[in-house]
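From first to last, the protein sequence lines stand for chains W and A.
Each residue of the first sequence is one higher than the one before, starting from 1 at the first, in the working numbering.
Each residue of the second sequence is one higher than the one before, starting from 257 at the first, in the working numbering.
Positions of the beta carbon are idealized from the N, C-alpha and C atoms, including for glycine.
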Amino acid sequence: MSRLAKKPFPWFWPVALLFLAATLAAAHALGLDLQSLSDLKDAPEYFKEFRRPDFAEIQRYTKLLGETVVMGLWGSFINLAVALPLTRYTAKNVSPHPVAYRVSREFLNLCRALPDALIALVLIIGLGPGPLGGVLALGIHSIGFLGKAFAESIERLPAGILEGSQSSGATPWQTLRFALWPSVSREIVGYTAYIVYRNILVAVTLGIVGAGGIGVEISKAFGYSQKGKLAALLIMVVIVVSLIDLAADVIRKRIT
Amino acid sequence: MRFVTPTGKPTWTTLAIGLLIPAFLILTLPVLNIDLSRLESFRILAQAVATPIDASYLPTLLKLCGETLGMAWVGTVAALLFALPLSLLAGRNTSPHVAVSLVAKAVFSIVRAVPDIVWAAMLAGAVGLGVLPGVLALMVTGTAFMVKVFAESYEVVDPKPIEGVLAQGASPFAVRTFAVLPQAAPDLVGLTLYVLDVNVRAATILGLVGAGGIGYDLTQAIRLQYWDRIVLIIAAVYLMVTTIDRLSDILRSRLLR
Numbered sequence: 001m002s003r004l005a006k007k008p009f010p011w012f013w014p015v016a017l018l019f020l021a022a023t024l025a026a027a028h029a030l031g032l033d034l035q036s037l038s039d040l041k042d043a044p045e046y047f048k049e050f051r052r053p054d055f056a057e058i059q060r061y062t063k064l065l066g067e068t069v070v071m072g073l074w075g076s077f078i079n080l081a082v083a084l085p086l087t088r089y090t091a092k093n094v095s096p097h098p099v100a101y102r103v104s105r106e107f108l109n110l111c112r113a114l115p116d117a118l119i120a121l122v123l124i125i126g127l128g129p130g131p132l133g134g135v136l137a138l139g140i141h142s143i144g145f146l147g148k149a150f151a152e153s154i155e156r157l158p159a160g161i162l163e164g165s166q167s168s169g170a171t172p173w174q175t176l177r178f179a180l181w182p183s184v185s186r187e188i189v190g191y192t193a194y195i196v197y198r199n200i201l202v203a204v205t206l207g208i209v210g211a212g213g214i215g216v217e218i219s220k221a222f223g224y225s226q227k228g229k230l231a232a233l234l235i236m237v238v239i240v241v242s243l244i245d246l247a248a249d250v251i252r253k254r255i256t
Numbered sequence: 257m258r259f260v261t262p263t264g265k266p267t268w269t270t271l272a273i274g275l276l277i278p279a280f281l282i283l284t285l286p287v288l289n290i291d292l293s294r295l296e297s298f299r300i301l302a303q304a305v306a307t308p309i310d311a312s313y314l315p316t317l318l319k320l321c322g323e324t325l326g327m328a329w330v331g332t333v334a335a336l337l338f339a340l341p342l343s344l345l346a347g348r349n350t351s352p353h354v355a356v357s358l359v360a361k362a363v364f365s366i367v368r369a370v371p372d373i374v375w376a377a378m379l380a381g382a383v384g385l386g387v388l389p390g391v392l393a394l395m396v397t398g399t400a401f402m403v404k405v406f407a408e409s410y411e412v413v414d415p416k417p418i419e420g421v422l423a424q425g426a427s428p429f430a431v432r433t434f435a436v437l438p439q440a441a442p443d444l445v446g447l448t449l450y451v452l453d454v455n456v457r458a459a460t461i462l463g464l465v466g467a468g469g470i471g472y473d474l475t476q477a478i479r480l481q482y483w484d485r486i487v488l489i490i491a492a493v494y495l496m497v498t499t500i501d502r503l504s505d506i507l508r509s510r511l512l513r
């Protein structure tokens, strides 16, 4: 009885109240109050103009959307090509030396630290506008997420799997191939599917900061306030991105 | 899906993937439009790092960093307040009806397919420039993401406590409060911290479309080629993001032990 009577989260209400108080204070400091929320009443007027999508230039849009998808896929390829071999050092239980572990982990943190759009903005200064800056920005940023996720799934493995294969005299390569890979390949495919989806979604954003693909056109439509074009572009983005989201979900659910 | 046979031979799936990836990369290489001669201009960036910093900009920088963090925080908490009830509608085992769950999931997957900066630009057009459209954009995308992942974590809870609570003659509301939410709570905390992380990064960019935070100053500095400022802003963003990252890592490992 006493175990049942014990509250699962004794600190829930104090923490929740503190949380809300901090939020209200932050909102006040930002100048957000009920007065500013009254601006919301103008919103329906603005969104009304999105009702007539203008698909006149659909062929060009399709080509640009293709460019965005290619950017996302190339970015994901760079992520995988760097993050996957690096797990040799970033997973604590297979890393050859604590220093190698620390250094490689810090490298992952470094990749993840700057937002992808900011990396793209900086690269575009040097490379000029175009897909290359975007691909490199995606390629750098998501190494961090993917590398950390891969390393953590290897670290979750029970120690016996590694010991078993090493005690049978397997070479490091054989251990990787027959003990590690079969145990983590599902998770790796799942995380990769998520990153491909995320990279394609972010590639749209990168276009808006100047890195090629359909985002450039979206940015122009915003600039000239062409709501019809904007509606058409967004409909196309939503269709493609949701389909990829769905495909990534199906892959994740089927393999896990 | 299998990638190797038990004897270690690659399967057809592996071979197909092994062929498709290089083919795709080679075929799409022209899209990237690689021109190595342009790398020259990176020398400007190297010079920028060597420029002495402009101390008079520091107070403004500090204020804008505070604004960026505040936007991320308020956006995330607002998203959490909306996502908790909405995700209960979307979870298959917590929804009042399967149809409600399907509709909720479909609606939020559409919301999620529009990038945060596009939401920010549209909202800036709708409610005027400033912090408000930025916070709203982070709230909208945060809610959409949380509804999906919260619903998924309700769907994998252990059904036995649900049966136990039901056997006491509990109301549907009590089942969610006492059987589903406590089991999913550690997941929800971790996912909320992830959203906060994502939102801090996003908030640094939204200024590009006039939605508050440090992004506006950054794009202005890039346009006007104020190198010392660009370097300062990037360093500040790096510090901010890393600090939040480490804090949420510590919090997560404390809470989810």
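Item	Value
Assigned secondary structure, Pro315 of chain A (DSSP; H/G/I helix, E/B strand, else coil)	helix
Local conformation of Pro158 of chain W per DSSP, three classes	coil
C-beta neighbour in chain A for Ser183 of chain W, strict 8 Å	no
Per-residue DSSP class, three states only, for Pro389 of chain A	helix
Local Cβ density within 10 Å of Ser165 of chain W, reported as buried at 16 or more and exposed below that	buried
Val431 of chain A - containing alpha helix (DSSP H), residue span	Pro428 to Val431
Of the residues W:Ser104, W:Ala83 and W:Ala81, the one placed nearest Lys92 of chain W, counting alpha carbons only	W:Ser104
Partner residues on chain A for Pro305 of chain W, Cβ-Cβ distance less than 8 Å	What the structure shows of chain W is the stretch from 1 to 256, and residue 305 of chain W is not part of that stretch, so it cannot be assessed.
Residue ranges of each alpha helix (DSSP H) within the stretch 163–224 of chain W, 4 or longer	172–175, 181–208 and 214–223
DSSP-derived helix/strand/coil call for Pro266 of chain A	strand
Under 8 Å between C-beta atoms of Pro100 of chain W and Leu146 of chain W	In the sequence on display, residue 100 of chain W carries Ala and not Pro. Contact flag unset, no.
Thr307 of chain A, DSSP secondary structure in three states	coil
contact_flag[the stretch 186–203 of chain W, the stretch 238–254 of chain W] where n(CB pairs < 8 Å) is 3 or more	yes
Contact set for Glu49 of chain W: own chain, Cβ-Cβ below 7 Å, skip 5 residues either direction	Lys227
For Leu336 of chain A and Gln424 of chain A, the rounded distance between their alpha carbons	30 Å
Three-state secondary structure (DSSP) of Val413 of chain A	coil
CA-to-CA distance, Gly133 of chain W to Leu123 of chain W, given in whole angstroms	5 Å
Proximity to Ala211 of chain W [Cα-Cα], best of W:Arg88, W:Ala117, W:Leu110 and W:Arg186	W:Ala117
Integer-rounded CB distance, given that Asn199 of chain W should sit under 8 Å from Gly72 of chain W	4 Å
Nearest to Gln439 of chain A (by Cα), restricted to the options A:Lys416, A:Tyr313, A:Asn455 and A:Leu285	A:Lys416
Backbone secondary structure at Asn487 of chain A - three-state DSSP	Note that residue 487 of chain A is Val in the sequence shown, not Asn. Here Val487 of chain A sits in helix by DSSP.
Nearest to Leu344 of chain A (by Cα), restricted to the options A:Ser365, A:Gly274, A:Ala380 and A:Met402	A:Met402
Alpha carbon of Val396 of chain A to alpha carbon of Leu385 of chain A, nearest angstrom	17 Å
Chain W contact residues for Ala440 of chain A, given Cβ-Cβ distances below 7 Å	The premise fails here: Ala440 of chain A is roughly 12 Å from chain W at the closest Cβ pair, so nothing lies under 7 Å.
Close beta carbons around Asp54 of chain W, own chain, < 8 Å, minus the five adjacent residues each side	Gln226, Gly228, Lys229, Ala231 and Ala232
Contact list for the stretch 204–219 of chain W against chain A, Cβ threshold 7 Å	Val204, Thr205, Ile208, Val209 and Ile218
When A:Lys404, A:Met378 and A:Gly326 are compared against Leu32 of chain W, the one with the closest alpha-carbon	A:Gly326
Cβ pair Ser153 of chain W, Val184 of chain W closer than 8 Å	yes
Buried versus exposed, by CB contacts within 10 Å (16 or more), Ala477 of chain A	buried
Residues of the stretch 329–351 of chain A whose Cβ lies closer than 7 Å to any Cβ of chain W, in chain order	Trp329, Val330 and Val333
Nearest-angstrom Cα separation, counted from Pro14 of chain W out to Asn289 of chain A	56 Å
8 Å Cβ cut-off: residues of chain W touching Thr284 of chain A	Val70, Leu73 and Trp74
Candidates A:Tyr472, A:Ile506 and A:Leu488, of which the one nearest Val305 of chain A by Cα	A:Leu488
Proximal residues of chain A, C-beta to C-beta of Pro131 of chain W below 9 Å	Val287, Leu288 and Asn289
Beta-carbon neighbours of Val82 of chain W, restricted to chain A and to distances below 8 Å	Under the 8 Å cutoff, chain A gives no residues; its nearest Cβ is about 15 Å from Val82 of chain W.
Neighbourhood of Glu187 of chain W by C-beta, 6 Å cutoff - its chain only, sequence neighbours within 5 removed	Ser153
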